[in-house]
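In the UniProt record's numbering, the protein residues as written are 1 to 528. Below is one structure, written out as structure tokens; comments come after it.
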């Protein structure tokens, strides 16, 4: 028991100096464990009306990270508290009533995407009614409406630092940029038009047509505003190509990425569409879930070289099945058409994924909690069809919350949390270092008197070292033109050399994803 006695403050400091400070290891999913700890489950029910959920989004701030927004096919927006206790004896309807913070009808059609902005004070919703709405999270009031798309809005994403700027992707094949600070005077500052729109962003170059004579799908399925604050990544239903755009010049994409960049023909890379895109908290990687039941991981700075890793094991048979990379880029969570959720370790793509079992239907929407490590949410359409083609609820649970941190994390460090440990010198090394040192002279000029003090004060005759330097007056006479006369005018050359230009470079000099690619656009891409 003596070994577990608490050390004094000075003993703790000495231990840190000698042995180094032990940094708390970040938990990491262990591949040996296959059962996640389920926190609870709630049913999406509105007085007997149970539409399937379509999108999930946790709050972004730490104080509200336990609140999750759930949208469904009926146009409802519901907020749930995931920190409440979910007794095992309670039904999913009882859990929903207990955990529900608020709900309201946000649209007259299905809501395909939802996102929190502005310190969780506002909520963005993208709907099948071809509109995007901005909601006051506290008052449940619509404060803005973004109109302009001619198809269902499938995906939305805010600017990483300025949440007044939003990008959206639509089923009409276009993506648009919006600025909440702009408004149309004729609409009394409520409806906002787009500031830029790119049409036919992912149209097939061959204009393929189906057997019925209808044109192939040109829908934008997912859109991302990258962390460099100037680039946009888009994906569509027509192929597995991811296009990167520079918001300063939207005439054509900067570069495109696909799972098979080495294939000369375009057949392989255009068979399967992309159901969702996601990026980690630092914006270093992008994950793309494709209709070939594979998830591809791209390095943002080398996306044109193809995916760096590929994950398989799930079944992606519809564009409603989503996947998301964890905020620390250590894991990938995916839904599946077989009724399970799947989790992979990014650094072990060849190993079998861990399954999240519990849903009865296709697992579609999901999300990672950015502030509470290991908390995830998954949703599914838990409906079963009987022999008379009548749908009934086999299990009212449609949204499940999981805690990976408590049950499936080991002491292994995640790839993004590896730190270099710097330890102090040992006692013997410090003694040897001081014993080999020569007495150094210290000049005290605080009182204007020259005096030499050595580090060994017991020496009878202090060692004095004469100052060997050139007087300042002679320096100026001998070298009159050494120091250049600085022009303090705000010229472009002076601005580049100023410290402020390093911390906040102008937009023309700022590094974006475009600077890492070739200047010439990819072959086959032409300006619209």
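We put the beta carbon where it would ideally sit given N, CA and C, even for glycine.
Rounded C-alpha distance that separates residue i from residue j
i: residue 477; j: residue 160; result: In this predicted model, residue 477 has a pLDDT of only 47, less than 50, meaning its place in the structure is not dependable; the value taken from the coordinates is given anyway. Distance between the alpha carbons of residue 477 and residue 160: 56 Å.
i: residue 58; j: residue 82; result: 10 Å
i: residue 166; j: residue 246; result: 14 Å
i: residue 88; j: residue 39; result: 10 Å
i: residue 235; j: residue 241; result: 6 Å
i: residue 255; j: residue 42; result: 42 Å
i: residue 52; j: residue 339; result: 14 Å
i: residue 325; j: residue 260; result: 21 Å
i: residue 299; j: residue 258; result: 12 Å
i: residue 303; j: residue 72; result: 34 Å
i: residue 133; j: residue 37; result: 35 Å
i: residue 243; j: residue 308; result: 17 Å
i: residue 67; j: residue 80; result: 6 Å
i: residue 65; j: residue 148; result: 32 Å
i: residue 44; j: residue 177; result: 32 Å
i: residue 239; j: residue 275; result: 10 Å
i: residue 395; j: residue 360; result: A caution first: residue 395 carries a pLDDT of 48, below 50, which makes its placement in the model unreliable, though a value can still be read off. Approximately 7 Å between the Cα atoms of the pair.
i: residue 101; j: residue 92; result: 15 Å
i: residue 221; j: residue 346; result: 24 Å
i: residue 279; j: residue 297; result: 10 Å
i: residue 77; j: residue 262; result: 44 Å
i: residue 180; j: residue 192; result: 7 Å
i: residue 197; j: residue 249; result: 12 Å
i: residue 54; j: residue 323; result: 13 Å
i: residue 163; j: residue 356; result: 33 Å
i: residue 336; j: residue 137; result: 31 Å
i: residue 228; j: residue 283; result: 8 Å
Residue burial classification, residue i (beta-carbon count within 10 angstroms, cutoff 16)
i: residue 143; result: exposed
i: residue 316; result: buried
i: residue 358; result: buried
i: residue 348; result: exposed
i: residue 50; result: buried
i: residue 301; result: exposed
i: residue 141; result: exposed
i: residue 190; result: exposed
i: residue 232; result: buried
i: residue 122; result: buried
i: residue 107; result: buried
Coil, strand or helix - residue i by DSSP
i: residue 92; result: helix
i: residue 227; result: coil
i: residue 237; result: coil
i: residue 312; result: strand
i: residue 98; result: helix
i: residue 220; result: strand
i: residue 404; result: helix
i: residue 579; result: This structure cannot settle anything about residue 579, because the visible part of the chain is limited to 1 through 528.
i: residue 54; result: strand
i: residue 87; result: coil
i: residue 279; result: strand
i: residue 168; result: strand
i: residue 215; result: Note that residue 215 has pLDDT 46, beneath the 50 cutoff, so the model's placement of it is unreliable and no number is given.
i: residue 352; result: coil
i: residue 141; result: strand
i: residue 157; result: strand
i: residue 180; result: coil
i: residue 71; result: strand
i: residue 232; result: strand
i: residue 336; result: strand
i: residue 393; result: For residue 393, the predicted structure reports a pLDDT of 45, less than 50, and the residue's modelled location is therefore unreliable. The matter cannot be settled from this model.
i: residue 257; result: strand
i: residue 535; result: Residue 535 lies beyond the residue range present for the chain, which begins at 1 and ends at 528; the question has no answer from this structure.
i: residue 359; result: coil
i: residue 319; result: coil
i: residue 364; result: strand
Any C-beta of chain D under 8 Å from that of residue i
i: residue 289; result: Checking the listed chains, one finds no chain D in this structure; it contains a single protein chain.
Per DSSP, the bridge partner or partners of residue i
i: residue 302; result: The partner list for residue 302 (beta bridge, DSSP) is empty, contrary to what the question assumes.
i: residue 123; result: 116 and 135
i: residue 249; result: 246
i: residue 331; result: 345
i: residue 274; result: 290
i: residue 379; result: 399
i: residue 324; result: 333
i: residue 191; result: 145
i: residue 111; result: 127
i: residue 103; result: 78
i: residue 40; result: 401
Cβ-heavy atom distance, residue i to the ligand FAD, below 7 Å
i: residue 345; result: As presented, the structure is devoid of all ligands, the ligand FAD included, so that no description of it is given.
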